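Offset between the sequence shown (1-based) and this note's numbering: plus 7. Read through the structure below, which is laid out as structure tokens, and then see the notes.
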Amino acid sequence: MFLVAENKKHHYVPRFYLRHFTADGRSLSLYNLGRDIVIGNANLKNQCYRDYMYGKDGKQEGSLSLMEGALAELLRRILTYRVLPPPWSPDHESLCVLTLLQNARTAYASDAMDEFSDKMWKQVLKKDSRFPPAMMEKVRVVNTDPANFAIVTMLRLYHLIMDLDYRLLLAHEGSEFITSDNPVVLYNQLLEFESMGSNTGLASKGLQIFFPLSPKVMLTFFDRYVYAFVPRQSIVAPVPTREDMNQLNALQVASALENVYFSSAAADIYRIVTRAKPRRRNRKAKIIVLPEKQTETGSSQLIGGSREDVRTNLSLTFVKLLKPAKRWQAERKKPGLKPVTVVRNPGMVRDHELFHEAVDAKRYQPTEFVRFVREKYDA
8 MFLVAENKKH HYVPRFYLRH FTADGRSLSL YNLGRDIVIG NANLKNQCYR DYMYGKDGKQ
68 EGSLSLMEGA LAELLRRILT YRVLPPPWSP DHESLCVLTL LQNARTAYAS DAMDEFSDKM
128 WKQVLKKDSR FPPAMMEKVR VVNTDPANFA IVTMLRLYHL IMDLDYRLLL AHEGSEFITS
188 DNPVVLYNQL LEFESMGSNT GLASKGLQIF FPLSPKVMLT FFDRYVYAFV PRQSIVAPVP
248 TREDMNQLNA LQVASALENV YFSSAAADIY RIVTRAKPRR RNRKAKIIVL PEKQTETGSS
308 QLIGGSREDV RTNLSLTFVK LLKPAKRWQA ERKKPGLKPV TVVRNPGMVR DHELFHEAVD
368 AKRYQPTEFV RFVREKYDA
């Protein structure tokens, strides 16, 4: 017998997170980008959910709820004491999970996966006479369970960001951070000039991650061999200017699916939305089709695809490009063939591959990457 879970509202941005943007713990203000209206005192329970998004049996929703308990406590400690866990500690690992789980579980991520599948398969099937264009225009090719697939994939990849440096940013005086229904923004200032594909893979050189935790605190990860934060030795640093705040908040408008959320008038929400709305993505995924080539046995054609990155021409006064990164960027801009993707830490990627071989061989659990690394390098 198939049982349907009683709780059909599956929140893809958890309430324990959004509650930090409320004044009373129950309601918050939102700006709906489709209708261009502000809604004050919106009920927290009715935000960022889809019915049975993680399945009707309730298993994945239950697993997420268990995980959220520990992650909520970690977030509470960070916001209370404004400290970050030491590198390669269990809490550092949990911080990476918190960030990438939120990135993977949203409605935007699910929709992007479906859009990619639809575009890719329609391109692949173009020359198949069984699927005429008139028929394909009437259907969408989607995944049977995109939300859960994205989460499972993330749980295999989250440790790829453990080599990134990380900081807490404190809101400029008189300003506040906003958030959205797709709050974790992956960015790459180093490679923003390249628009062919995505530059925000988890192992990409120049990767940055921006994740507002409350109106006063933002978490950021960054490639330490590309960027320097000023002041360089501070784990917690105030955002120095209101313009920097505007730039950071614009990321949320550009990233959102439908709504951005804010706590008070200090967010200056109309100004931010007006400025950032032209930067919103008009597609979630893109397909690149190279010219067809004739071969001895027929023909061949390369078809590639990627997600659509957030691009706002980000410029922050407290983030500097290091001199070696500037020289590398200048070389990258020169004409000629270049690798499509650039890995920032090949050793980390190799450890990732070896770890999953060890997991498949039952020598480690999927959550034991830190133990794997310590045992490998201490041996």
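The beta carbon of each residue, even a glycine, is placed where N, CA and C say it ideally should be. Keep in mind that this is a model prediction, so the values were computed, not measured.
Local Cβ density within 10 Å of residue i, reported as buried at 16 or more and exposed below that
i, result
"Glu299", "exposed"
"Leu321", "buried"
"Ile44", "exposed"
"Gly343", "exposed"
"Val347", "exposed"
"Met60", "buried"
"Leu361", "exposed"
"Asn110", "buried"
"Glu122", "buried"
"Ile310", "exposed"
"Gln308", "exposed"
"Leu297", "exposed"
"Ile158", "buried"
"Thr304", "exposed"
"Thr319", "buried"
"Pro222", "buried"
"Ser270", "buried"
"Gly54", "Per the sequence shown, residue 54 should be read as Gln rather than Gly. Gln54 is buried by the Cβ-count criterion."
"Gln196", "buried"
"Ile295", "exposed"
"Val280", "buried"
"Ile242", "exposed"
DSSP beta-bridge partners of residue i
i, result
"Tyr384", "For Tyr384, which the question treats as bridged, DSSP gives no partner whatsoever."
"Phe229", "Asp172, Gln215"
"His18", "Tyr56"
"Asn39", "Ile44, Asn266"
"Phe236", "Val326"
"Pro245", "Leu177"
"Asn50", "Ser34"
"Val224", "Leu177"
Assumed close pair residue i, residue j - CB separation to whole angstroms, cut-off 8 Å
i, j, result
"Val192", "Val317", "6 Å"
"Ala77", "Asn189", "The pair is not a contact, with the Cβ atoms about 23 Å apart (cut-off 8 Å)."
"Leu255", "Phe184", "7 Å"
"Met127", "Gly354", "Not a contact, Cβ separation roughly 32 Å."
"Phe403", "Ile216", "In the structure displayed, the chain extends from 8 to 386; residue 403 sits before or after that span and is not available."
"Ala114", "Tyr19", "5 Å"
"Met225", "Phe218", "7 Å"
"Val260", "Ala292", "No, Val260 and Ala292 are not in contact; Cβ-Cβ is about 20 Å, not under 8 Å."
"Glu68", "Asn14", "7 Å"
"Ala154", "Arg314", "Wrong, their Cβ atoms sit about 15 Å apart, outside the cutoff."
"Ser101", "Leu73", "In fact, because the Cβ distance is near 13 Å, the residues do not count as touching under 8 Å."
"Met169", "Leu107", "Between Leu107 and Met169 the Cβ distance is about 11 Å, and since that is not below 8 Å, they are no contact."
"Leu329", "Tyr173", "Actually they are not in contact, since the Cβ atoms of Leu329 and Tyr173 sit about 17 Å apart, beyond 8 Å."
"Arg163", "Pro373", "7 Å"
Same chain only: Cβ atoms within 7 Å of residue i, ignoring 5 sequence neighbours per side
i, result
"Leu198", "Asn206, Gly213"
"Tyr88", "none"
"Val148", "Ser124, Asp125, Trp128, Lys129"
"His359", "His166, Leu167"
"Lys134", "none"
"Leu51", "Arg22, Leu25, Arg26, Thr29, Arg33, Ser34, Leu35"
"Phe388", "Examination of residue 388 is not possible in this model, given that the chain is present from 8 through 386 alone."
"Ser187", "Gln259, Ser262, Ala263, Asn266, Val267, Tyr268"
"Gly41", "Glu265"
Proximal residues to residue i (C-beta, below 6 Å), its chain only, five neighbours per side dropped
i, result
"Leu37", "Ile46, Ala49, Asn266, Tyr268"
"Ala210", "Leu167, Val350, Val356"
"Thr302", "none"
"Met143", "Lys129"
"Ser306", "Glu299"
"Asn39", "Asn266"
"Arg288", "Glu315"
Closer than 8 Å to chain D by CB, residue i
i, result
"Gln109", "Of the chains in the structure shown, none is chain D; there is only one protein chain."
Contacting residues, own chain, Cβ-Cβ under 8 Å from residue i (five flanking each side not counted)
i, result
"Ser182", "Val246, Arg249, Met252, Ala273, Ala274, Asp275"
"Pro331", "Tyr232"
"Leu171", "Leu214, Ile216, Phe228, Phe229, Asp230, Arg231"
"Arg278", "Asn253"
"Lys383", "Asp358, Leu361"
Check: residue i C-beta below 7 Å from any heavy atom of the ligand SAM
i, result
"Gln67", "Ligands displayed in this structure: none; no statement on the ligand SAM is therefore possible."
Inset, instruction - Could you name each continuous alpha helix (DSSP H) segment of 4 residues or more that falls completely within the segment 129 to 212, going from the start of the chain to the end? - result: Qualifying alpha helix (DSSP H) stretches, in chain order: 140 to 143, 153 to 164.
Inset, instruction - Report the residue ranges of all beta strand (DSSP E) runs contained in full by the segment 54 to 93; include only those spanning at least 3 residues, in chain order. - result: Correct list: 56 to 58.
Legend entry - Sequence ranges, alpha helix (DSSP H) only - wholly within the segment 287 to 343, length at least 4: Listed in chain order, the complete alpha helix (DSSP H) runs (minimum 4 residues) inside the segment 287 to 343 are 330 to 339.
Inset, instruction - Give, in chain order, every unbroken run of the beta strand (DSSP E) that is at least 3 residues long and sits entirely within the segment 248 to 272. - result: Note on the segment 248 to 272: whole beta strand (DSSP E) runs with a minimum of 3 residues are 266 to 269, in chain order.
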